[in-house]
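Undergrad: My numbering puts the first residue of the sequence shown at 2, with every later residue one more than the last.
Handing you this structure, nothing more for now.
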Amino acid sequence: MRSKALFVLFVLTFFCNKFSFSQNVTYSLIVVHYDPASKGEFKQLVYSYHFLNGHYQSREELISFKGRVMDGKKEKDYIRTDLGQNILYKNRYLITGIGNIIDLKEKKILFDQKANLVRCSNDSAIYYTNDAFKGKFYSVYNFTTKTYTEVKALLFKAVVGQDIEFDRSAQPYKLNFYPESKPKVVLSADAGFGQTTTDFKKPDVAVWWLDKNTFVYPYFNKDNTEITFMKVSIDSKASAPIGKATIKQQNDPGVFVKISKTQAQYNFGDKKFMIDAEKNSVTELAYTNPENGFSAECKDNPYGHIIKYNGKEVCKQHFQLKNLKTEQNIAAIVKELVVGTESYQQGLSVFNQSKQAWENVDAEEVVSLIGWMKD
2 MRSKALFVLF VLTFFCNKFS FSQNVTYSLI VVHYDPASKG EFKQLVYSYH FLNGHYQSRE
62 ELISFKGRVM DGKKEKDYIR TDLGQNILYK NRYLITGIGN IIDLKEKKIL FDQKANLVRC
122 SNDSAIYYTN DAFKGKFYSV YNFTTKTYTE VKALLFKAVV GQDIEFDRSA QPYKLNFYPE
182 SKPKVVLSAD AGFGQTTTDF KKPDVAVWWL DKNTFVYPYF NKDNTEITFM KVSIDSKASA
242 PIGKATIKQQ NDPGVFVKIS KTQAQYNFGD KKFMIDAEKN SVTELAYTNP ENGFSAECKD
302 NPYGHIIKYN GKEVCKQHFQ LKNLKTEQNI AAIVKELVVG TESYQQGLSV FNQSKQAWEN
362 VDAEEVVSLI GWMKD
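Right, here's the structure in full:
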């Protein structure tokens with residue numbers, strides 16, 4: 002009887018697998034390459050790498066654009082996919098880390114200005130600008146009408162929270178609160194020294210709002226070797242440390258990723274920290290939170306990083322954590338060869354779930370690995 006049951010289970014498994022593999026699954030991996038022939042303009046080439054059932058088929062160039070342009074006698078950033086965190090929205094739009102919008106379907110640049118993306122909502126991308134010359138305001142890009150407008154409603158709020166600002170005119174920073182129709186309130190005369198990137202830039206200070214009146218921010222020490230996560234109450238004007246983390250300088254700005262009402266992950270280069278505002282704890286994570294079943298070892302070891310799929314080790318390779326992009330049953334990395342303190346890209350590698358193996362794909366230098374789109 003037991004043998005018969007096992008035989009029936011085998012037959013059912015065989016036909017289920019046969020049916021699943023008979024369904025062709027197509028994905029496109031969006032990759033931005035650097036054009037070495039135009040160093041001054043920092044030209045970027047956006048490619049779509051096509052995969053069928055996890056296997057590489059072909060690629061096509063979707064669009065190219067300059068990263069730098071002349072504004073009178075000065076050079077300024079134009080479209081940059083190498084700064085901040087890029088996202089894919091609605092399986093069609095590439096929104097860069099500085100706010101530019103590229104329509105990958107129509108192969109057009111829809112928004113070429115620089116603005117801080119707050120969030121996307123239905124057919125709109127909502128931005129916040131806090132500029133010494135332009136002032137403070139929200140703005141919205143509408144994907145349907147393809148129009149960009151500033152929000153005139155004074156009470157419009159895109160996210161939970163109130164009007165705060167880090168005064169960066171001197172060090173340490175000051176933390177100010179601007180109540181509506183009332184004078185400015187100084188919440189802290191010492192809000193840290195802010196992040197300093199390896200190329201000596203000073204990104205905006207990331208903020209995680211717990212509710213309308215309470216938020217958490219990273220207090221950087223002067224040497225950028227330590228972060229203290231501070232919880233601030235606007236009502237009581239009190240600041241209290243949640244915990245500390247040891248760091249080293251990074252090129253990309255640190256960002257909060259909300260996990261629950263009281264928990265968030267703070268991403269800082271290859272380091273990831275779990276911030277628990279209720280338990281007042283900061284924990285450095287050994288592995289990233291699983292996405293589509295994939296998680297990666299945070300620490301950069303002599304062998305690189307371990308990647309796990311559904312808890313099982315499937316890779317041990319040198320790559321940057323930001324260059325791990327996943328979808329259902331598929332993942333991609335930009336491989337690197339590390340020699341001393343230098344690293345050299347070695348093309349793409351894509352995990353094939355049906356074979357539980359990685360497939361190498363030749364590729365030129367990658368500026369940004371954007372992510373997967375369903376075809």
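Beta carbons are placed, not taken as given, at the ideal position from N, Cα and C, and that holds for glycine.
Any idea if T145 is buried or exposed, counting beta-carbon neighbours within 10 angstroms, 16 or more meaning buried?
TA: Start at 1 with the first residue of the sequence shown, and residue 145 comes out as number 144. It counts as exposed.
Undergrad: Can you list, in chain order, the stretches of the beta strand (DSSP E) that have 3 or more residues and sit fully within the segment 206–286?
TA: Listed in chain order, the complete beta strand (DSSP E) runs (minimum 3 residues) inside the segment 206–286 are 209–212, 215–221, 227–234, 239–247, 256–259, 264–269, 272–277 and 282–285.
Undergrad: Is it the case that the segment 350–361 contacts the segment 303–323, given that we only count it when at least three CB pairs across the two stretches are under 8 angstroms?
TA: yes
Undergrad: When you compare only the Cα positions, how much space is there between I228 and Q58?
TA: Locating residue 228 in the sequence shown gives position 227, counting from the first residue. Locating residue 58 in the sequence shown gives position 57, counting from the first residue. If I take the Cα positions, the gap works out to 45 angstroms.
Undergrad: What residue range does the beta strand (DSSP E) around G85 cover?
TA: As a working mapping, residue 85 is identified with position 84 in the sequence shown. Element bounds for G85: n/a, residue is neither H nor E.
Undergrad: Excluding the five sequence neighbours on either side, which residues of its own chain have a C-beta within less than 8 angstroms of the C-beta of V160, listed in chain order?
TA: Working through the sequence shown from its first residue, we reach residue 160 at position 159. V119, R120 and W210, listed in sequence order.
Undergrad: Who does S65 pair with in a DSSP beta bridge?
TA: For the purposes of this step, residue 65 is taken as the residue at position 64 of the sequence shown. In the DSSP output, where bridge partners are listed per residue, S65 has L46.
Undergrad: Please report the residue range of the beta strand (DSSP E) in which Y304 lies.
TA: If you number the sequence shown from 1, residue 304 lands on position 303. Premise fails: Y304 is in no beta strand (DSSP E) and is neither H nor E.
Undergrad: Starting from L188, trace the beta strand (DSSP E) in both directions and tell me its first and last residue.
TA: Residue numbering aside, residue 188 sits at position 187 when the sequence shown is read from its first letter. Residues V186 to S189.
Undergrad: To the nearest angstrom, how far is the alpha carbon of V335 from that of V206?
TA: Numbered from its first residue, the sequence shown carries residue 335 at position 334. Numbered from its first residue, the sequence shown carries residue 206 at position 205. Rounded to whole angstroms, V335 and V206 show a C-alpha spacing of 29 angstroms.
Undergrad: Assuming R120 is part of the beta strand (DSSP E), what are its boundary residues?
TA: Taking the sequence shown and counting its residues from 1, one reaches residue 120 at position 119. DSSP places R120 in the uninterrupted beta strand (DSSP E) bounded by N117 to S122.
Undergrad: Can you tell me which of the three DSSP states L10 falls into?
TA: As a working mapping, residue 10 is identified with position 9 in the sequence shown. Per-residue confidence for L10 stands at a pLDDT of 48, beneath the threshold of 50, marking its modelled position as unreliable; the derived number appears in the next sentence. In the structure shown, L10 sits in a helix (DSSP, three-state: H, G or I).
Undergrad: For the beta strand (DSSP E) that contains E328, what are its first and last residues?
TA: Taking the first residue of the sequence shown as 1, we reach residue 328 at position 327. Per DSSP, E328 belongs to the beta strand (DSSP E) from L325 to E328.
Undergrad: Short of 7 angstroms in beta carbon distance, which residues of its chain neighbour A116, apart from the five on each side in sequence? Order them along the chain.
TA: Taking the first residue of the sequence shown as position 1, residue 116 is located at position 115. The answer, listed in chain order, is G100, Y128, T130 and S140.
Undergrad: According to DSSP, simplified to helix, strand and coil, what is L105?
TA: Residue mapping note: residue 105 aligns to position 104 of the sequence shown, counting from 1. Here L105 sits in coil by DSSP.
Undergrad: Can you tell me whether L95 is buried or exposed? The criterion is at least 16 other CB atoms within 10 Å of its CB, across all chains shown.
TA: Along the sequence shown, read from residue 1 onward, the residue named residue 95 stands at position 94. L95 comes out buried.
Undergrad: I'd like the list of long-range same chain contacts for Y220, defined as Cβ closer than 7 angstroms, with 5 residues on each side in sequence excluded.
TA: Here residue 220 corresponds to residue number 219 of the sequence shown, with the count starting at 1. Closer than 7 angstroms at the Cβ level, and outside the excluded window around Y220, lie A192, G193, I228, T229 and M231.
Undergrad: Within 10 Å of its beta-carbon, does V217 have 16 or more other beta-carbons around it, so buried, or fewer, so exposed?
TA: As a working mapping, residue 217 is identified with position 216 in the sequence shown. Buried: at least 16 other Cβ atoms inside 10 Å.
Undergrad: Hey, could you find the ends of the beta strand (DSSP E) T27 is sitting in?
TA: In the sequence shown, residue 27 corresponds to position 26, counting from 1. Element bounds for T27: T27 to Y35.
Undergrad: Would you kindly report the start and end of the unbroken beta strand (DSSP E) that includes V152?
TA: For the purposes of this step, residue 152 is taken as the residue at position 151 of the sequence shown. Neither: V152 is in no beta strand (DSSP E) and is coded neither H nor E.
Undergrad: From H382 to I165, what distance separates their C-alpha atoms?
TA: Because the chain here runs from 2 to 376, residue 382 falls outside it and cannot be looked at.
Undergrad: So, are the CB atoms of D277 and Q266 less than 7 angstroms apart?
TA: Within the sequence shown, the letter at position 276 stands for residue 277. Within the sequence shown, the letter at position 265 stands for residue 266. Contact check for D277 against Q266 fails: the beta carbons are separated by 7 angstroms or more.
Undergrad: State yes or no: is the C-beta of L286 within less than 7 angstroms of the C-beta of K273?
TA: Taking the first residue of the sequence shown as position 1, residue 286 is located at position 285. Taking the first residue of the sequence shown as position 1, residue 273 is located at position 272. Closer than 7 angstroms, so yes.
Undergrad: Beta-carbon of V70 versus every beta-carbon of chain B: anything under 7 angstroms?
TA: Here chain B cannot be found, since the structure has a single protein chain.
Undergrad: On the DSSP bridge assignment, give the partners of T130 in chain order.
TA: Counting from one through the sequence shown, the residue named residue 130 turns up at place 129. Per DSSP, F138.
Undergrad: Look at L322 and D271 and say whether their C-beta atoms are less than 7 angstroms apart.
TA: Numbered from its first residue, the sequence shown carries residue 322 at position 321. Numbered from its first residue, the sequence shown carries residue 271 at position 270. In contact: L322 and D271 (Cβ atoms closer than 7 angstroms).
Undergrad: For T327, which residues in the same chain have their Cβ closer than 6 angstroms to its Cβ, ignoring the five residues on either side in sequence?
TA: For this step, residue 327 is matched to residue 326 along the sequence shown. Excluding residues within five positions, the ones whose Cβ falls inside 6 angstroms are E292, N293 and F295.
Undergrad: Rounded to a whole number of angstroms, what is the C-alpha to C-alpha distance between L53 and I102?
TA: As a working note, residue 53 is residue 52 in the sequence shown. As a working note, residue 102 is residue 101 in the sequence shown. In this structure, the straight-line span from the alpha carbon of L53 to that of I102 is close to 28 angstroms.
Undergrad: Alpha carbon to alpha carbon, how far is R169 from N177? Give it in angstroms, no decimals.
TA: For the purposes of this step, residue 177 is identified with residue 176 of the sequence shown, where counting begins at 1. For the purposes of this step, residue 169 is identified with residue 168 of the sequence shown, where counting begins at 1. Distance between the alpha carbons of N177 and R169: 11 angstroms.
Undergrad: State buried or exposed for I331, treating a residue as buried only when at least 16 other CB atoms are found within 10 Å of its CB.
TA: Position 330 of the sequence shown, counted from the first residue, corresponds to residue 331. So I331 counts as buried.
Undergrad: Roughly how many whole angstroms lie between the Cα atoms of S369 and L63?
TA: The residue you call residue 369 lines up with position 368 of the sequence shown. The residue you call residue 63 lines up with position 62 of the sequence shown. Taking the straight line joining both Cα atoms gives about 15 angstroms.
Undergrad: Alpha carbon to alpha carbon, how far is R81 from G372? Give it in angstroms, no decimals.
TA: As a working mapping, residue 372 is identified with position 371 in the sequence shown. As a working mapping, residue 81 is identified with position 80 in the sequence shown. Each residue's Cα considered, the two are about 16 angstroms apart.
Undergrad: Since G73 contacts N87 with CB under 8 angstroms, what's their CB separation in whole angstroms?
TA: As a working note, residue 73 is residue 72 in the sequence shown. As a working note, residue 87 is residue 86 in the sequence shown. Actually they do not touch by this definition, with Cβ atoms about 29 angstroms apart.
Undergrad: For V283, which residues in the same chain have their Cβ closer than 8 angstroms to its Cβ, ignoring the five residues on either side in sequence?
TA: As a first step, residue 283 must be located in the sequence shown, where it is residue number 282. Closer than 8 angstroms at the Cβ level, and outside the excluded window around V283, lie F230, I243, G244, K245, A246, F274, M275, I276 and D277.
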